[in-house]
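Colleague: I'd like to ask you about the structure that follows.
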């Protein structure tokens, strides 16, 4: 009990009646106010307090359900045929408190109809051949391992030629719009926005896996991380960022606790992550999340080199001066 609550009653000398802290608090509801002293710990916690928890989504387990959706739900019914990766904490329909992830499927000869939205998206291609995305008049072929951006307010549609499914991992900043109610979607008048084929290797919104893997393999060390950056060195967006990691067999990554929350996808390889002392096993195709301020470290199982794709909210946190890493101090903000 706080100091303000220990003195529960006083005598009102004017009216000759007894008043109390409990009575005051009960009557405040009618004034549309709340006593800060009773909310202080909640509003000013001693450490970051995310509502989501660590979790691993098994690709082998989820994929059959996604393919069933391909048989049962048309692209016209779905608009976007996606299974959202929902955090078991169930506080909101998202993957972490600030990052959304989902597995999207397009079947042969389908078109996921053109629309545009305020949210920013980045997509990691998991499997399939003949898939494409058209972003504001530029049609881009999808290749396994590529990262393809959909900048805010650009018309885009997705399609698939040939046989078999096309599956990718969507990453969006949708959770932010719980706090900034400015997100909306605008549909194009036709299923496809007029587009021309472009050279994937020359597109500023495509990051081919072959180039990223070459950077990782050329770097020294048993663990390497490289960010996805625009040509001018900026992050891919103001809200979400991405990176890829190489972890040699039989080795581990550094142990980190940071305010960023992240979603990881296993490209090839298998291993596990220790998150706040608990072991979470993963293998190729799986996706897992790490909430803010949860200490984590990745380990291979020793059989092969592991490559990981990651997207996170770090650019937003850095621009707002919210990003912290345990053990690293920051400069004073008094001068700002």
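Residue numbers (this note's numbering): 44 to 379.
Note that beta-carbon positions come from the ideal geometry of N, C-alpha and C, so glycine has one too.
Are the beta-carbon atoms of residue 304 and residue 280 separated by less than 8 Å?
Modeller: It is not a contact, given that the beta carbons lie outside the stated cut-off.
Colleague: Just confirm the distance between the C-beta atoms of residue 266 and residue 297, as a whole number of angstroms; I'd bet it's less than 8 Å.
Modeller: The Cβ separation is near 7 Å, so the contact holds.
Colleague: Where does the unbroken beta strand (DSSP E) through residue 229 begin, and where does it stop?
Modeller: Start and end: 228-230.
Colleague: Are the beta-carbon atoms of residue 331 and residue 99 separated by less than 8 Å?
Modeller: yes
Colleague: What would DSSP say about residue 119, mapped onto helix, strand or coil?
Modeller: helix
Colleague: Measure the CB-CB distance between residue 156 and residue 200 and report whether it falls below 8 Å.
Modeller: Taking C-beta atoms as the reference points, residue 156 and residue 200 count as a pair closer than 8 Å.
Colleague: Provide the residue(s) that pair with residue 98 in DSSP beta bridges, ordered along the chain.
Modeller: Residue pairing by DSSP puts residue 98 in a beta bridge opposite 332.
Colleague: If you pair each beta-carbon of the stretch 176-183 with each one of the stretch 306-322, do three or more pairs fall below 8 Å?
Modeller: no
Colleague: Residues in the same chain with beta-carbon distance under 7 Å from residue 161, minus the five sequence neighbours each way, listed in chain order, please.
Modeller: 195, 196, 225, 226 and 227
Colleague: Can you give me the start and stop residues for the beta strand (DSSP E) that residue 147 sits inside?
Modeller: DSSP places residue 147 in the uninterrupted beta strand (DSSP E) bounded by 143-149.
Colleague: Could you tell me which residues DSSP puts in a beta bridge with residue 108?
Modeller: Answer by DSSP bridge pairing: none, since residue 108 is not bridged.
Colleague: Check residue 304 in the structure and name its three-state DSSP category.
Modeller: Coil at residue 304, not helix or strand.
Colleague: Identify whether residue 50 lies in helix, strand or coil by the three-state DSSP scheme.
Modeller: Residue placement at residue 50 cannot be trusted, given a pLDDT of 49 that sits under 50; the coordinates are not used to answer.
Colleague: Is residue 143 closer than 8 Å to residue 192 when the C-beta atoms are compared?
Modeller: no
Colleague: Would you kindly check if the distance between the Cβ of residue 204 and the Cβ of residue 173 is under 8 Å?
Modeller: The answer is yes: Cβ separation under 8 Å.
Colleague: For residue 358, which residues in the same chain have their Cβ closer than 7 Å to its Cβ, ignoring the five residues on either side in sequence?
Modeller: Correct list, in chain order: 278, 280, 281, 282, 283 and 284.
Colleague: Just how far apart, CA to CA, sit residue 115 and residue 121?
Modeller: 10 Å
Colleague: Just how far apart, CA to CA, sit residue 236 and residue 154?
Modeller: 11 Å
Colleague: Given a cut-off of 8 Å on the beta-carbon distance, is the pair residue 165 and residue 354 in contact?
Modeller: yes
Colleague: In terms of residues, what are the limits of the alpha helix (DSSP H) holding residue 384?
Modeller: Beyond the ends of the chain as shown, which are 44 and 379, falls residue 384; an answer cannot be given.
Colleague: In chain order, what residues of the same chain have a beta carbon less than 6 Å from the beta carbon of residue 215, not counting five sequence neighbours either side?
Modeller: 143, 162 and 164
Colleague: Going by the C-beta, is residue 370 closer than 7 Å to any heavy atom of the ligand MG?
Modeller: What this structure holds is no ligand at all, so the ligand MG is not there to describe.
Colleague: Taking the beta strand (DSSP E) that residue 62 falls in, what are its first and last residues?
Modeller: 60-63
Colleague: Between the Cα of residue 327 and the Cα atoms of 256, 91, 88 and 101, which residue gives the shortest distance?
Modeller: 101
Colleague: Taking the runs of the alpha helix (DSSP H) that are 4 residues or longer, which of them lie wholly in the stretch 183-241?
Modeller: none
Colleague: Since residue 275 is in the alpha helix (DSSP H), which residue starts that stretch and which ends it?
Modeller: Premise fails: residue 275 is in no alpha helix (DSSP H) and is neither H nor E.
Colleague: Specify the secondary structure class of residue 168 as computed by DSSP and reduced to three states.
Modeller: The answer is strand: DSSP assigns residue 168 an E or B state.
Colleague: Report yes or no: do the stretch 363-374 and the stretch 247-255 share at least 3 C-beta pairs separated by less than 8 Å?
Modeller: Short answer: they don't touch.
Colleague: What number of angstroms, rounded off, separates the C-alpha of residue 138 from the C-alpha of residue 340?
Modeller: 19 Å
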